[in-house]
Amino acid sequence: MTAGSPQIRAAEPRDAVALGRVHVRVWQATYRGMMPDAFLDGLDPAERGAMWALSLATTRPESSRLVVCVHPQDDPVGFALVGPLRDGGADESKLGELYAINLDPDAWGLGLGRQLLIAATAELSRLGFREAVLWVATGNSRARRFYEAAGWSADGTERIDDSFGPPIDEVRYHRSQPSARGGGRPAHQPTTQEISG
Numbered sequence: 028m029t030a031g032s033p034q035i036r037a038a039e040p041r042d043a044v045a046l047g048r049v050h051v052r053v054w055q056a057t058y059r060g061m062m063p064d065a066f067l068d069g070l071d072p073a074e075r076g077a078m079w080a081l082s083l084a085t086t087r088p089e090s091s092r093l094v095v096c097v098h099p100q101d102d103p104v105g106f107a108l109v110g111p112l113r114d115g116g117a118d119e120s121k122l123g124e125l126y127a128i129n130l131d132p133d134a135w136g137l138g139l140g141r142q143l144l145i146a147a148t149a150e151l152s153r154l155g156f157r158e159a160v161l162w163v164a165t166g167n168s169r170a171r172r173f174y175e176a177a178g179w180s181a182d183g184t185e186r187i188d189d190s191f192g193p194p195i196d197e198v199r200y201h202r203s204q205p206s207a208r209g210g211g212r213p214a215h216q217p218t219t220q221e222i223s224g
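If you want this note's numbering, it's the position in the sequence shown, counting the first as 1, plus 27.
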């Protein structure tokens with residue numbers, strides 16, 4: 028894949044198949060060595076695509092946003108999903124969350140992950156969140172460097188997540204959101220390689 032003129036736009040139902048393909052490719056590239064090979068090799072793009080089709084048909088636009096990064100043929104090569112904090116106490120009810128950011132491994136190193144993260148940050152601001160969190164696998168040093176370069180920092184909260192497969196240790200990152208008027212750009216522009224989240 029070569030650098031072109033990618034666009035970031037809202038996800039549409041027609042993107043579901045491509046999102047399933049990207050989702051599986053990213054997990055297989057990112058979590059190799061952190062999750063069992065048998066699990067990763069068994070991931071089915073069609074099943075993930077069906078999951079995304081259902082999500083796109085039921086997600087309420089006012090509560091969350093799914094954006095995709097598309098290349099010249101309008102084929103999604105990455106996505107980011109944001110919304111309200113999923114698991115938190117009353118004192119955290121005003122936090123937003125970056126649920127996922129995934130970029131096809133063939134698109135790593137082209138600056139597309141940075142653009143996708145900027146768009147996700149802007150969507151969180153538009154949703155009214157002044158602060159946001161994300162969870163990242165403790166052993167995913169590539170992603171952690173990427174987020175840190177964009178102004179996110181580990182806040183000391185850890186968990187074991189088994190909601191999507193084998194248990195994996197995760198650490199929570201936090202950042203204050205720029206205002207929507209400020210364009211939603213991160214305080215620091217990441218210059219590291221692109222990641223999956």
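We put the CB at the ideal spot given by N, CA and C, even for glycine.
Find the nearest neighbour of Gln34 within the set Asp133, Gln204, Arg157 and Asp101, judged by alpha-carbon distance.
Asp101
- Query: Based on the DSSP secondary-structure assignment, which residues constitute the bridge partners of Gln142?
  - Reply: Partner(s): none; Gln142 has no beta bridge.
**Message:** Rounded to the nearest angstrom, what separates Ala37 and Ser91 at their Cα positions?
**Reply:** 11 Å
Return the first residue and the last residue of the alpha helix (DSSP H) that Arg172 is part of. Ser168 to Ala176
Exercise. In three-state terms, what does DSSP make of Gly69?
Worked result: coil
Assigned secondary structure, Ser90 (DSSP; H/G/I helix, E/B strand, else coil): coil
Between the beta-carbon of Tyr126 and the beta-carbon of Leu151, is there less than 8 Å? no
Fill in: Residue range of the alpha helix (DSSP H) that includes His50
Ala43 to Thr57
Please name the residue, chosen from Lys121, Phe106, Leu46 and Ser190, that lies closest to Val160 on a Cα-to-Cα basis. Lys121
Item checked: Paired residues, beta bridge with Arg199 - DSSP -> Trp162
* Asked: If you run the structure through DSSP and keep just helix, strand and coil, what is Met61?
  -> coil
ask   = With DSSP run on the structure shown, which of helix, strand or coil describes Ala37?
value = strand
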